[in-house]
Amino acid sequence: MTASYTPPSLRELTLPARDLARGVRHSVEQSKRLAEPIRQALPEPVLSLARELMSDFEGMAASARGLVRRGAGGRINGLEEIAAAKDPGPAFARAAVFGLEAALERLGRADLMASETLAAVAWRAAGPGQASAEAAARLVLALEQGDVVGLVPGTPFGMGPAEGRLVRQAAVATMLWMLVARETPEDEAALLGLCVDVVGTLEAEAAEADAAGLARLLSTYAEAV
Amino acid sequence: MSKALKRDDATHRPIRKSVRRLRWFRTSFAEQVEKIAAETGVDYALDDAKVAAAFLDWLRAFDAQKGGAAEDRRAFVGFSAGLMLRMLLKHRPLSATGRPEGADMSNPAYFWPEGYVYVAYCLNIRSAVLEQDFHEDRRVVPALGEIRAWWSFRENVSQDPSLGIAFLDLFAGEEPDWETPEVFQAKNLTLAAPRFYERRVIAEE
């Protein structure tokens with residue numbers, strides 16, 4: 058008997074492409090950060106060569122940013138709308154990556170990147186189906202356990218406990234943001250910022266909570282935001 | 161008064177409910193800061209993380225003390241506004257980064273620019289809820305402009321932010337409770353006491 062083969066949907070194939078573009082953008086930004094102290098000490102003509110190289114890299118990063126932005130068009134942010142969407146996995150992944158990266162940037166770690174592909178896998182692993190606080194709590198754990206957030210390739214150090222705490226904080230803030238009821242058109246970046254600030258005040262509680270604790274916390278604070 | 165406090169809120173929710181949401185609190189507080197900055201020429205820096213911390217502390221304290229009798233509702237509005245002042249004084253989300261040259265330091269807005277914004281915001285919230293729910297007119301209380309009251313306010317709350325609750329009553333023209341300002345005193349204690357015992361009996365069963 059031959060195993061049946063279901064080809065991946067074209068929508069899902071765009072996720073790895075956007076992750077690749079995201080990786081290029083982060084790598085260029087990381088390289089710039091790492092090269093800056095050396096660049097200042099370079100003599101001519103090596104300095105001119107370095108400038109040209111950096112300019113080429115920046116062109117690549119700009120193209121990558123464009124590709125990521127095009128993919129983010131029509132993003133749905135609310136968990137209720139995502140759960141009701143025709144294709145909830147990729148919809149969740151788009152919103153989750155936006156949320157995680159913006160949260161990490163606010164927490165001072167723009168060098169950490171999130172994967173849309175792994176976020177879609179996390180959605181499946183959590184098996185939610187409903188837009189409840191319990192589902193959001195399962196998704197926090199799935200984002201964490203699925204290594205959806207990682208270091209840019211080439212970073213000269215690994216993920217440590219400090220990064221782990223930040224990932225938990227960013228994942229809780231992202232799921233809180235998705236749970237908040239949207240009654241009027243919202244400034245999504247500002248709303249996410251409020252969620253990051255809220256989770257910042259509950260860091261110890263959020264860091265130690267299990268699935269039930271996370272669900273309680275998310276339910277309480279989704280009302281408060 | 162800030163725009164957010166004048167309008168009926170985009171969601172048509174009463175102000176007493178809107179204020180229990182960080183989104184509304186953050187926007188209305190920022191509008192209050194902007195308005196006072198424009199009127200006084202004082203420059204302010206607002207720390208969003210501290211705004212969130214003050215709000216969440218206030219919400220927890222509010223939830224812990226709410227649920228009294230209907231006849232205490234009006235007094236509880238004043239108490240809740242005082243609690244809010246206490247949390248703003250505790251977390252200090254605002255910093256004055258510049259005053260106009262030659263500012264009159266006997267004017268409370270220049271004497272203590274941050275405290276002035278906190279008091280103005282909490283009084284405005286208090287008035288807006290009383291106006292909306294109890295149809296009460298706003299009134300201007302002389303203590304609000306008296307620099308001696310502000311000296312005392314600043315000195316006392318730097319040692320104990322809970323006294324901010326009593327000072328807000330003073331600035332609102334109400335009788336302050338200087339002894340235990342952080343505990344809401346129900347108007348009718350004979351009604352409050354049975355409720356307390358009833359809860360204990362139920363909890364111990």
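As you go down the protein sequences, you meet chains Y and L in turn.
Following my numbering, the numbering of the first sequence begins with 58 at its first residue and continues without gaps.
Following my numbering, the numbering of the second sequence begins with 161 at its first residue and continues without gaps.
We put the CB at the ideal spot given by N, CA and C, even for glycine.
Note that the coordinates shown come from a computational prediction; the quantities given were computed from them, not determined experimentally.
Who does residue 170(Y) pair with in a DSSP beta bridge?
207(Y)
Across which residues does DSSP place residue 276(Y) in a beta bridge pair?
In the DSSP output, where bridge partners are listed per residue, residue 276(Y) has none listed.
When you compare the CB positions of residue 259(Y) and residue 274(Y), do they come within less than 8 Å of one another, or not?
yes
With a CB to CB cut of under 7 Å and the five nearest residues on each side skipped, what residues in its chain are close to residue 160(Y)?
227, 230, 231, 249 and 253
If you compare alpha carbons, which of 180(L), 206(L), 299(L) and 279(L) is closest to residue 249(L)?
279(L)
With H, G and I counted as helix, E and B as strand and the rest as coil, what does DSSP make of residue 345(L)?
coil
Return the first residue and the last residue of the alpha helix (DSSP H) that residue 223(L) is part of.
208 to 225
How is the beta strand (DSSP E) around residue 255(L) delimited, first residue to last?
254 to 258
Return the Cβ separation of residue 341(L) and residue 323(L) in integer angstroms, given the expectation that the two are a contact with Cβ distance under 8 Å.
6 Å
Please determine, among 183(L), 218(L) and 212(L), the residue with the shortest C-alpha to C-alpha distance to residue 239(L).
218(L)
Does the region 251 to 267 of chain L come close enough to the region 221 to 234 of chain L to have 3 or more Cβ pairs within less than 8 Å?
no
Any beta carbon from chain L within less than 8 Å of residue 281(Y)'s own beta carbon?
yes
Span of the alpha helix (DSSP H) around residue 274(L):
273 to 294
Alpha carbon to alpha carbon, how far is residue 185(L) from residue 213(L)? Give it in angstroms, no decimals.
12 Å
Give every residue of the same chain whose Cβ lies closer than 7 Å to the Cβ of residue 307(L), excluding the five residues on either side of it in the sequence, and list them in chain order.
266, 268 and 271
C-beta atoms of residue 290(L) and residue 193(L) nearer than 8 Å:
no
Can you list, in chain order, the residues of the region 255 to 272 of chain Y whose Cβ is nearer than 7 Å to any Cβ on chain L?
255, 257 and 258
Where residue 77(Y) meets chain L, residues with beta-carbon distance less than 9 Å
Within chain L, no residue comes near residue 77(Y); the closest Cβ sits about 34 Å away, beyond 9 Å.
Would you identify the three-state DSSP class for residue 267(Y), choosing helix, strand or coil?
coil
Straight-line gap, residue 328(L) to residue 262(Y) (C-alpha atoms, nearest Å)
33 Å
Using C-beta distances below 7 Å, list every residue in its chain close to residue 194(Y), excluding the 5 sequence neighbours before and after it, in chain order.
268, 271, 272 and 275
When you compare the CB of residue 183(L) with every CB in chain Y, is at least one pair closer than 8 Å?
yes
In chain L, which residues lie less than 9 Å from residue 248(Y) when you measure between Cβ atoms?
183
Tell me the rounded alpha-carbon separation between residue 299(L) and residue 284(L).
11 Å
Please identify, using Cβ separations under 9 Å, the residues of the region 135 to 146 of chain Y that lie next to chain L, in order along the chain.
none
In or out: residue 149(Y) buried (at least 16 other Cβ within 10 Å) or exposed?
buried
Quickly, what does DSSP pair residue 205(L) with across the bridge? List them, please.
255(L)
Thinking C-alpha only, which one of 236(Y), 280(Y), 133(Y) and 208(Y) is nearest residue 196(Y)?
236(Y)
Who are the neighbours of residue 208(L) on chain Y, taking C-beta pairs under 7 Å?
250 and 254
According to the neighbour-count rule (16 or more other Cβ atoms, all chains shown, within 10 Å of its Cβ), is residue 225(Y) buried or exposed?
buried
Between which two residues does the alpha helix (DSSP H) containing residue 254(Y) stretch?
245 to 258
Give the straight-line distance between the Cα atoms of residue 282(L) and residue 143(Y), rounded to the nearest whole angstrom.
46 Å
Which class does residue 230(L) belong to by DSSP, given the choice of helix, strand or coil?
helix
Identify, in the order they occur along the chain, each residue of the same chain with its Cβ nearer than 7 Å to the Cβ of residue 321(L), setting aside the five sequence neighbours on each side.
246, 249 and 250
Identify which residue in 100(Y), 167(Y) and 175(Y) has its Cα closest to the Cα of residue 76(Y).
175(Y)
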